[in-house]
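According to the working numbering, the stretch in the sequence shown is residues 5 to 378, in order. Built from N, CA and C at the ideal position, the CB exists for glycine as well. Structure first, commentary second.
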Amino acid sequence: MTRNLLVTAFPSADEEALYWWHVADGAVQAWGCDPDPLAASQVYGPEDGQTDILFAALVPSHLTSIMAHEAISEVTDSQALAAATITARARSLESDNIHLASAMTAESGVVTAVIGRDILSRGLTRLQALGIDPDAIMPTGWLLPADGEEAVSADFGFDQVARADNLIAIHDPVLLEILLADRAISPITGDDFDAMMVGCWERRTLNFRNGPFAKRTQRTISAPQKRRLGWMAVALVLVSLAVPLVQLAKYHSAANAADEGALASAATVVGAQEDPVAAERALDQRLIAENRGNIMFPVPASALYSAVQQVPGVTISRMSYGENGIVSATLAAIRNEDINPALVAIQQAGFIITAMPRTDATGSAQADITVRAP
C-alpha cells in the first residue's frame, strides 16, 4: 500500500492549473486543480521528509498513444519487449522525436506507449520547476482497468478517456462509436474512481521515466544511519588506537622476556646482575681481563684493513700486535697525502690512532701508526 503519493496531471502548456490527487494510507485524502499542486495539496506535513513522498504524473490521451502487440512464441520477455519497441518506433511518423515506454503485463501482454521527446522534456521541466520530480509518468488511459467485454471511461478533469480490452482512446463520442460500435461504456466515478487513483502507483509498469528521462536517484542518509556511521567512526578510531597500543604492549613484554633471558645467560658467566646494562659492563670487564672483546686483535686489525681498502695506492708494509690490544703498522704510499684518507677512515670508525710520517730510502712516503679500540 502506497503510504504517501501525489498524483498530478502532466502539463501540456505553460502556466496551466494542474489537477492533483493526494493519496495516503490507502485513500484519496484530497484533490483539486491549482497552478502549484505541491503547495495546494500540503503533501509535506511538519514531520514528513521529502524522501517519504512519491510522485506520479498522468499524461493526457491526446499527447500519447498506446499500442498492444501480438504475442511472439518462443521468445523471452526481453526479446518480446525489444521487438515491440522496434515495431512502435517504425509505425511512428516522427521516429526520431519520440520516447517510448514498454511493459509486459499478464492482462494485456506486451504494451508500448509513445510520446514526443520535446513534449516530455517541456512538461518534466515545468513539474521540476514546481518542486515535483515524478517517479513515474504514465498515460491516463493506462489506469483504467481492462475488464473483458465491458468498456469503461473516466473523467480526470483534464482528460476524458475510454478503454475496452487493449483499446485505449480519447472519450470522443464520434470516435468511440466507430471503435466500439454499440458496446456500452460504464463510467468510473465516486469510490471506484478513488480506488483507481489509490492503485495508480501499482500501474507504473508503463513508465516514461526511462532511458534519458530516467529519474536521478539521490542517496540520503537517515538519522539512524547517521548515528550508526558516527558510532562506526568512533569504533574505527578506537581500534586504530588500540592496535598500536597492543603491539607496543607485546613488544614491551617481548623486550622484558629478552632482558630476563639475557640476564639468566650472563649470570652463568659473571653472576647475578641488577639489569642488562650492568651485565654488559661485567662481561666487557671479563673480556678485557682475558684479553678478549674490543681489544682482541681482529677488531682493530679489521678496521685498519677496511680503511686501507678504501684508499687506492696505500699498502701495509708491516703490522704487529701487543697484548695491550694495540695494533702497530706501517702504511706506505707515494705521498703522505695519499695516506691521510686511510687515517681519517680509521678515526671515523671510532678507533684511536697515532701516526708518525716519514720517508724511506727510496723516497716513498710511510707512516708508522698505532690503532687501539676505544
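Reduced DSSP secondary structure (H/G/I, E/B, other) of G36: Stepping through the sequence shown from its first residue, residue 36 is reached at position 32. If DSSP states are grouped into helix, strand and coil, G36 belongs with the strands.
Chain-order list of residues whose beta-carbon lies under 6 Å from that of A305 (same chain, five-residue window excluded): Start at 1 with the first residue of the sequence shown, and residue 305 comes out as number 301. Cβ neighbours of A305 beyond the five flanking positions: V331.
Residues sharing a beta bridge with G120, DSSP: Numbered from its first residue, the sequence shown carries residue 120 at position 116. Note: G120 sits in a beta bridge opposite I102.
Cβ pair count under 8 Å reaching 3, the segment 149–167 against the segment 182–190: As far as the Cβ criterion goes, the segment 149–167 touches the segment 182–190, which means the pair count is three or higher.
Cut-off 7 Å between Cβ atoms - residues of its own chain near I76, not counting five sequence neighbours on either side: On the sequence shown, residue 76 is found 72 positions in, with the first residue counted as 1. Within the same chain, I76 has close Cβ partners A84, A87.
Beta-carbon proximity list for H73, same chain, < 6 Å, skipping 5 on both sides: Taking the first residue of the sequence shown as position 1, residue 73 is located at position 69. Counting only residues of its own chain and dropping the five nearest sequence neighbours on each side, H73 has a CB closer than 6 Å to the CB of A88, V114.
Nearest residue (CA-CA) to A107, options D100, V348, E98, A92: What you label residue 107 is simply residue 103 of the sequence shown in a count that begins at 1. Closest option to A107, Cα to Cα, is A92.
Three-state secondary structure (DSSP) of V11: On the sequence shown, residue 11 is found 7 positions in, with the first residue counted as 1. Strand, per DSSP.
Where E154 falls: helix, strand or coil (DSSP): On the sequence shown, residue 154 is found 150 positions in, with the first residue counted as 1. Of the three classes helix, strand and coil, the one that applies to E154 here is strand, per DSSP.
Close beta carbons around T144, own chain, < 7 Å, minus the five adjacent residues each side: Residue numbering aside, residue 144 sits at position 140 when the sequence shown is read from its first letter. Setting aside the 5 residues that flank it on each side, T144 is surrounded in the same chain by L62, V63, P64, S65, F160, D163, V165, each with a C-beta closer than 7 Å to its C-beta; the list follows chain order.
Counted within 10 angstroms of its Cβ, other Cβ atoms place S244 as buried (16 or more) or exposed: Residue numbering aside, residue 244 sits at position 240 when the sequence shown is read from its first letter. Residue environment analysis places S244 among the exposed positions, since fewer than 16 neighbouring C-beta atoms fall within 10 angstroms of its C-beta.
Minimum length 3: unbroken beta strand (DSSP E) runs contained in the segment 204–247: For the segment 204–247, not one full-length beta strand (DSSP E) segment reaches 3 residues or more.
Simplified DSSP state of A60, which is helix, strand or coil: Here residue 60 corresponds to residue number 56 of the sequence shown, with the count starting at 1. Strand.
Buried versus exposed call for M407 [16 or more other C-beta atoms within 10 Å across all chains shown]: Here the chain has residues from 5 to 378 only, and residue 407 is not among them.
Nearest-angstrom Cα separation, counted from K254 out to L240: The residue given as residue 240 occupies position 236 in the sequence shown. The residue given as residue 254 occupies position 250 in the sequence shown. About 21 Å.
Local Cβ density within 10 Å of P248, reported as buried at 16 or more and exposed below that: Looking up residue 248 in the sequence shown gives position 244. With fewer than 16 other Cβ atoms within 10 Å, it is exposed.
Whole-number beta carbon distance between A140 and R167, since they are thought to touch under 8 Å: Mapped onto the sequence shown, residue 167 falls at position 163. Mapped onto the sequence shown, residue 140 falls at position 136. The beta-carbon distance between R167 and A140, rounded to whole angstroms, is 19 Å. This is too long to meet the 8 Å contact definition.
Backbone CA spacing between A271 and D279 [nearest angstrom]: Within the sequence shown, residue 271 is the residue found at index 267, counting from 1. Within the sequence shown, residue 279 is the residue found at index 275, counting from 1. Using only the alpha carbons, I get a separation of about 11 Å.
C-alpha distance - I338 paired with G367, whole-angstrom precision: Working through the sequence shown from its first residue, we reach residue 338 at position 334. Working through the sequence shown from its first residue, we reach residue 367 at position 363. So the alpha carbons of these two residues sit roughly 8 Å apart.
Candidates L148, D196, Q314, of which the one nearest H175 by Cα: Here residue 175 is taken as the residue at index 171 of the sequence shown, counted from 1. Closest option to H175, Cα to Cα, is L148.
Contiguous alpha helix (DSSP H) assignments of at least 4 residues, all confined to the segment 127–200: Restricted to the segment 127–200, the alpha helix (DSSP H) segments that are unbroken, complete and at least 4 residues in length are 177–184, listed in chain order.
Terminal residues of the beta strand (DSSP E) in which S306 lies: Working through the sequence shown from its first residue, we reach residue 306 at position 302. It is not in any beta strand (DSSP E) - S306 instead sits in the alpha helix (DSSP H) that spans 302–313.
Nearest-angstrom Cα separation, counted from A377 out to I357: In the sequence shown, residue 357 corresponds to position 353, counting from 1. In the sequence shown, residue 377 corresponds to position 373, counting from 1. Inter-residue distance for I357 and A377 is about 9 Å (C-alpha atoms, whole angstroms).
Burial state of Q251 (16 or more Cβ within 10 Å): Position 247 of the sequence shown, counted from the first residue, corresponds to residue 251. Within a 10 Å sphere around the beta-carbon of Q251 sit fewer than 16 other beta-carbons, which makes this residue exposed.
N- and C-terminal bounds of the beta strand (DSSP E) containing P361: If you number the sequence shown from 1, residue 361 lands on position 357. That run of the beta strand (DSSP E) goes 356–363.
CB contact check: N211 to chain C, cutoff 7 Å: The structure shown has no chain C; it contains just one protein chain.
Among T109, T68, D100, nearest to D81 - alpha-carbon criterion: Taking the first residue of the sequence shown as position 1, residue 81 is located at position 77. Ranking the options by Cα distance to D81, first place goes to T109.
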